[in-house]
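Working notes for the structure below.
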Amino acid sequence: MGSHVERPPRALLFPVVASGHWGPFLQLILQLATKKLNFTLLADRGRCDELKAYQAKGAFATIDVEFLEVYTDPSTLSLRKDLVPAMWTNLESFISNGEFDPSRYTCMISDMFLYFCQDLADKWGIPNYFYVTCPTYFGLVLLHGEGIVDGGWIPQNPVKRKQFLDLPGLEMFTGGDMPMALTEMEPDLFHLLPRAIKGSAGLVFNSFEEFEKKPLSDLRDQLKLNAMPGKGPPTVFTIGPLLLLPGIPGALDDTKPVEKSESIAWLDKQQKSSVLFICFGSQRELPEPLITGIASGLEDTGVPFLWALRIPPQSSKIESLPEGFESRTQSRGLVLTSWVPQQEILLHPSVGGFLTHCGWNSILESMLGGVPIAAFPLYAEQRMNQRYMVNAVKTAVAIEGEHGQYEAKEIAAAIMRLLKGKEGVEARQNMQIMKEMAYAAMEEGGSSHKNLQNFLAEVQRVR
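Under the working numbering, the first residue of the sequence shown is numbered 4, with each subsequent residue one higher.
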């Protein structure tokens, strides 16, 4: 009989490099590095160069890291319907060239959409952990994906759109809350994901137990009930908010400008909790009707505002905004089309509310500032996030609309409820409670601190 040769711990990392997924994955990478876990990253040239720049400043100095440029197809760089097939095509070509040696690795950590990573992990005999860059209730969408699609629980279904799901753990959501991606991405994606999820070693979430008690309990129960024969259920690790943890020295120093930004300088002149911050992330530009609706709503409210407006590369701010908007609101508002330090803004005492698309990263940043939300979902799981924030934890007010269709009067009404109404007072109080819980979860002995230590211990095991 041959003797088993132990391999030193080394993780193989499979992120999706689109910004909404890459940011949280980078935070996880930095925590792996602080625990001195050697790793190999499979990504595109841009993300590899990003980490090489950190490395040149002294980051990763105590570990063995490797950055492999695998993804060359432009389709792998954004959340498009052909993202997953394009990634698999590039990856399959890379690992079949004869130079890739899977025996070097003791575990895998992969993005939640990359179902094929579980097949590779099984083939190579190593555990795979899916990193879910969404709340834990989205883990139930991944697990029940086949039942959701086959049952017609999708926004495009006029009947099921307003009905509540009958799938365990998802009963608080309607068909209209489900992501359009269920049918817009690779046709079979949500048929293939449940098997991969059930076969994995674990699911990792950038969230914390106190914020999602019921969804977390439901997810664990469903994973047990749907466990694969002869294999235990995946372990669920809630390890966030990772934003509260320090990274490795030199890794992210260049993300903060030396001089105070225009946005912070402007906020310094405003009254406490008076300003509405408006930002819809970095992935998509808003269509003109939405920009017009938001601008009209802001004019009607009369509240101070800071608007981080993403516009197309060839456009100007004057072209994007309604004529005369800036001159009419210049005494109380600021519109910026350049990068703004969102996390720093949401920690500023002048900010009293956040009008956001309800992306998960933005929700966490708002929570850490104790800033209540006017929930304006546009795509992905954002309508689910709106419903959970408004109905379950009551830290937001809803802007009513049908998948990106919103009226100026609805926007104005929600802003006033958030900043001036009783609903906003309750949301602010509840968000402060969540803020305190988030910080406590990440402190030594807190729920996320324990879960992170347990996860790191698993991926550092010698195999």
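Glycine included, C-beta positions come from ideal geometry on N, C-alpha and C.
Which residues in the same chain as residue i place their Cβ atom closer than 7 Å to its Cβ, once the five residues preceding and following it in sequence are excluded?
i      : result
Gln463 : Pro12, Lys38, Leu40
Gln225 : Leu143, Leu146, Pro171, Gly172
Does the Cβ of residue i have 16 or more other Cβ atoms within 10 Å, making it buried, or fewer, making it exposed?
i      : result
Ala298 : buried
Asn100 : exposed
Val144 : buried
Gln333 : exposed
Met434 : buried
Lys412 : exposed
Lys227 : exposed
Met231 : exposed
Ser365 : buried
Gly23  : buried
Glu384 : buried
Arg386 : buried
Asn394 : exposed
Would a C-beta distance cut-off of 7 Å place residue i and residue j closer than the cut-off?
i      : j      : result
Leu245 : Gln30  : yes
Thr340 : Ile376 : no
Leu349 : Gly372 : yes
Gly148 : Phe193 : yes
Glu212 : Thr177 : no
Arg50  : Val20  : yes
Phe133 : Leu222 : no
Quick one: residues in its chain with C-beta nearer than 6 Å to the C-beta of residue i, no 5 flanking neighbours on either side, listed in chain order?
i      : result
Glu291 : none
Pro218 : Thr139, Tyr140
Glu447 : none
Arg420 : Val400, Glu426, Gly427
Gly362 : Gly284
Cys110 : Ala14, Ile129, Pro130, Val462
Ser210 : Pro138, Thr139, Thr241, Gly243
Met303 : It should be noted that the sequence gives Asp, not Met, for residue 303. So the qualifying residues of the chain are Ala415.
Helix, strand or coil for residue i, going by three-state DSSP, please let me know.
i      : result
Trp25  : helix
Phe133 : strand
Ile112 : strand
Ala230 : coil
Cys51  : helix
Leu123 : helix
Asn281 : Strictly speaking, residue 281 in this sequence is Ile, with Asn absent from that position. Note: Ile281 maps to strand in three-state DSSP.
Trp91  : helix
Arg431 : helix
Thr332 : helix
Phe193 : helix
Val462 : helix
Residue i bridges to which residues according to DSSP?
i      : result
Ala377 : Leu358, Val400
Ala46  : Glu72
Val338 : Trp310
Ala14  : Phe42, Cys110
Thr177 : Phe167
Report all residues from its chain with a CB closer than 8 Å to the CB of residue i; omit the five preceding and five following residues, and keep chain order.
i      : result
Leu247 : Leu371, Ala441, Tyr442, Met445
Glu69  : Phe42, Thr43, Leu44
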